[in-house]
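Asks:
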Amino acid sequence: MKNLNNLASFDKIIQPPWLLEFTRRLILLNQPFMQNFRAWHFRPGMRFREKDQWWRPGSLRPAPHEGVDFCCFEDKAGRLVYLRPECGIPALFKGRVAALFDDFLGRSLYIVHENNGRQQSGIIYAHIQPAPEITVGRVVKAGEVVGVTAVQRRPGPLRPHLHLTMCRAAANVPPPTEWQAIHRLPIELINPLS
Ligand SMILES: [Zn+2]
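Heads up: the sequence shown at position 114 corresponds to 116 in our numbering, and the numbers run straight through without jumps.
Below is the structure:
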């Protein structure tokens, strides 16, 4: 942890608490690329319910954003640094892999965290290339590497990024197996940064 001595000050600027822990793990996993991380940078359209297409200023998304996009950060010199393809992605919490499906940049991984018998909460890690051992049914530990940011299939303005959706549903709601299902099923989306 000796590279991370100054991370203690992060809790002032990185909220909520899960994001602080996730960011610490991400920095450790992606050394030395992320070692000068200072703060996440969000352009309009990267956060929950925002409508802009951050990759195409002036255009709107077909639907408000279903989560948050981690795409770039400021380093200690104030420069903007973009995530690369193949950045390691750690699981936020312990959970069970409930679904894996394609999205328009890579694959989406849905991990369920049991709350109690009636409710479940889940997190979708989108635009990643899941690790080979991450298969449906597997129990993952907090911090376990679930995959890497996907390599772009074709050149374009959409840079590699991690999209996170957090949601809640009744325990009997089936896991989404494609993005349209997130809108069709009785799933409540949560602002990850609230
Ligand atoms: Zn997104």
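Heads up, the beta-carbon is just placed ideally off N, CA and C, and yes, glycines get one too.
Rounded to whole angstroms, what is the Cα-Cα separation between Q33 and R27?
Replies: Roughly 10 Å separates the two Cα atoms.
Asks: Going by the C-beta, is H165 closer than 6 Å to any heavy atom of ligand 1?
Replies: Yes, Cβ of H165 sits closer than 6 Å to a heavy atom of ligand 1.
Asks: Taking only the alpha-carbon atoms, compute the straight-line gap between R86 and R186 and give it to the nearest angstrom.
Replies: Using only the alpha carbons, I get a separation of about 32 Å.
Asks: For D104, is the beta carbon positioned less than 6 Å from some heavy atom of ligand 1?
Replies: No, the beta carbon of D104 sits no closer than 6 Å to any heavy atom of ligand 1.
Asks: Cβ atoms of A152 and L107: under 7 Å apart, would you say?
Replies: Yes, they are a contact pair.
Asks: For N244, which residues from the same chain have a beta carbon less than 6 Å from its beta carbon, with the 5 sequence-adjacent residues on both sides left out?
Replies: The question about residue 244 has no answer, for the chain in this structure spans 3 to 196.
Asks: Looking at the unbroken beta strand (DSSP E) that takes in Q121, where does it start and where does it end?
Replies: Per DSSP, Q121 belongs to the beta strand (DSSP E) from 121-132.
Asks: Applying the criterion that 16 or more other CB atoms from any shown protein chain within 10 Å of the CB defines a buried residue, is S110 buried or exposed?
Replies: Buried, since its Cβ has 16 or more Cβ neighbours within 10 Å.
Asks: If we require 3 or more residues per run, which beta strand (DSSP E) segments fall completely within the stretch 99-123?
Replies: You should have 109-116.
Asks: Any idea which residues DSSP pairs G90 with across the strands?
Replies: Paired residue(s): V150.
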